[in-house]
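Asks: I have a structure here, written as structure tokens, and I will follow up with some questions on it.
Protein chains: 2
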Amino acid sequence: MTPTPKSDLLQGTLDLLILKTLSLEALHGYAIAQRIALSSRALLQVPQGSLYPALHRLENKGWLAAEWDQTETGREAKFYKLTRKGRLQLGLELADWKRLTEGIALILANVGEPS
Amino acid sequence: MTPTPKSDLLQGTLDLLILKTLSLEALHGYAIAQRIALSSRALLQVPQGSLYPALHRLENKGWLAAEWDQTETGREAKFYKLTRKGRLQLGLELADWKRLTEGIALILANVGEPS
DNA sequence: CGTCATGCCTAGCCATACTACACGTCGACC
DNA sequence: GGTCGACGTGTAGTATGGCTAGGCATGACG
Numbered sequence: 006m007t008p009t010p011k012s013d014l015l016q017g018t019l020d021l022l023i024l025k026t027l028s029l030e031a032l033h034g035y036a037i038a039q040r041i042a043l044s045s046r047a048l049l050q051v052p053q054g055s056l057y058p059a060l061h062r063l064e065n066k067g068w069l070a071a072e073w074d075q076t077e078t079g080r081e082a083k084f085y086k087l088t089r090k091g092r093l094q095l096g097l098e099l100a101d102w103k104r105l106t107e108g109i110a111l112i113l114a115n116v117g118e119p120s
Numbered sequence: 006m007t008p009t010p011k012s013d014l015l016q017g018t019l020d021l022l023i024l025k026t027l028s029l030e031a032l033h034g035y036a037i038a039q040r041i042a043l044s045s046r047a048l049l050q051v052p053q054g055s056l057y058p059a060l061h062r063l064e065n066k067g068w069l070a071a072e073w074d075q076t077e078t079g080r081e082a083k084f085y086k087l088t089r090k091g092r093l094q095l096g097l098e099l100a101d102w103k104r105l106t107e108g109i110a111l112i113l114a115n116v117g118e119p120s
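Residue numbers (the numbering used here), protein chains in the order written: chain S, 6 to 120; chain Z, 6 to 120.
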């Protein structure tokens with residue numbers, strides 16, 4: 006029953022991943038997914054059905070700007086880069102991620118409770 | 006407009022928090038929220054509208070068992086404790102959380118990309 | 001010719017965290 | 001006596017956003 010219906014990501018983390026990845030270099034969607042898998046040593050994998058809607062969402066919010074261009078292999082692809090707003094947003098999300106992980110780390114470390 | 010639709014937690018983390026908190030000691034709902042806020046030094050705060058549905062959900066999945074009892078102040082309250090299945094689930098969620106944070110940490114640490 | 005990697009996309013499901021509210025008891029304070 | 005805050009539980013309704021599963025097009029390679 007229910008072989009392993011594990012989900013890969015948590016809501017909110019995908020934005021952070023994309024923004025961070027694009028903060029280094031403009032990439033097209035397909036390459037973003039590859040980069041994330043590679044950089045995380047395959048710990049994280051982004052399905053296309055999550056990736057593309059997310060890119061459109063981020064673009065609509067004005068955090069990314071898209072432009073069609075040619076890949077190294079001569080194909081047309083949509084390259085995304087961070088806007089100024091996107092870079093700002095990345096800062097916010099980083100802070101939020103830090104707060105969250107710190108909070109959870111504190112709780113997980115809580116082995117015994119003093120009075 | 007969307008004033009500031011900030012969310013506090015990420016999907017999935019609430020279960021982990023509750024399971025971990027109850028793995029130390031049986032508590033009632035209200036106390037769980039307080040404990041989480043306290044243990045995380047107020048970094049994390051669980052709204053009641055998130056907490057109670059989550060408790061019912063976890064109980065339905067068989068991870069928690071509930072029982073009415075009296076608090077120290079003499080009030081009736083519903084005390085939750087981990088079941089064996091819940092303890093197992095906690096292990097799974099811990100592993101998943103670890104994988105996720107490691108993956109994201111790798112990506113966030115990615116300052117420059119070699120070929 | 002078939003199949004795989006590259007590249008983009010969408011519809012629809014579904015889990016779940018949130019706001020906002022409602023209800024009840026108790027102690028303190030004016 | 002009335003009100004307020006903390007305690008304690010709960011619901012309805014909404015929105016977010018990741019997922020599965022599909023489709024489409026090109027080029028390389030067997």
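By construction, the Cβ of each residue, glycine as well, lies at the ideal position given by its N, Cα and C atoms.
Going by DSSP, what residues sit across from A74/Z in a beta bridge?
Replies: Before going further, note that residue 74/Z is Asp rather than Ala in the sequence given. According to DSSP, D74/Z shares a beta bridge with A82/Z.
Asks: In angstroms with no decimal places, state the Cα-to-Cα distance between T18/S and G54/Z.
Replies: 23 Å
Asks: Let's test the definition: count the other Cβ atoms within 10 Å of the Cβ of Q94/S and tell me whether it reaches 16, buried, or not, exposed.
Replies: buried
Asks: Shorter than 9 Å from the beta carbon of R104/S to some beta carbon of chain Z?
Replies: yes
Asks: Keeping to the same chain, check which residues put their C-beta closer than 7 Å to that of Y57/S; ignore five residues upstream and five downstream.
Replies: These residues qualify, in order along the chain: G34.
Asks: Using 8 Å as the threshold, is the region 32 to 50 of chain S in touch with the region 98 to 111 of chain S, meaning 3 or more CB pairs across them?
Replies: They do not touch, by the three-pair rule.
Asks: Going by Cα to Cα distance, which pick from E64/Z, D74/Z and L48/Z is closest to G91/Z?
Replies: E64/Z
Asks: Using a beta-carbon distance below 9 Å, is I37/Z in contact with chain S?
Replies: no
Asks: Between L22/S and L48/S, is the Cβ-Cβ spacing less than 9 Å?
Replies: no
Asks: Take the Cβ of V51/Z as the centre, count every other Cβ of all protein chains shown within 10 Å, and call the residue buried at 16 or more, exposed below.
Replies: buried
Asks: For R62/Z, report the span of its alpha helix (DSSP H) as first-last.
Replies: Q53 to N65
Asks: Are the region 74 to 88 of chain Z and the region 22 to 32 of chain Z touching by the rule of at least three beta carbon pairs closer than 8 Å?
Replies: yes
Asks: So, helix, strand or coil for L49/S, using DSSP?
Replies: coil
Asks: Give, in chain order, every residue of the region 67 to 78 of chain Z whose Cβ lies closer than 9 Å to some Cβ of chain S.
Replies: Residues of the region 67 to 78 of chain Z whose Cβ lies closer than 9 Å to any Cβ of chain S: none.
Asks: What does S45/S reach in chain Z if we use C-beta pairs closer than 7 Å?
Replies: G108, L111 and I112
Asks: Taking the Cβ atom as the reference point for each residue, do L15/S and L69/Z lie within a distance shorter than 9 Å?
Replies: Going by C-beta atoms, L15/S is not nearer than 9 Å to L69/Z.
Asks: Does DSSP put L32/S in a helix, in a strand, or in coil?
Replies: L32/S: strand per DSSP, three-state reduction.
Asks: Rounded to whole angstroms, what is the Cα-Cα separation between A100/Z and D20/Z?
Replies: Answer to the nearest angstrom: the Cα atoms are 13 Å apart.
Asks: What residue range does the alpha helix (DSSP H) around D101/S cover?
Replies: R89 to L113
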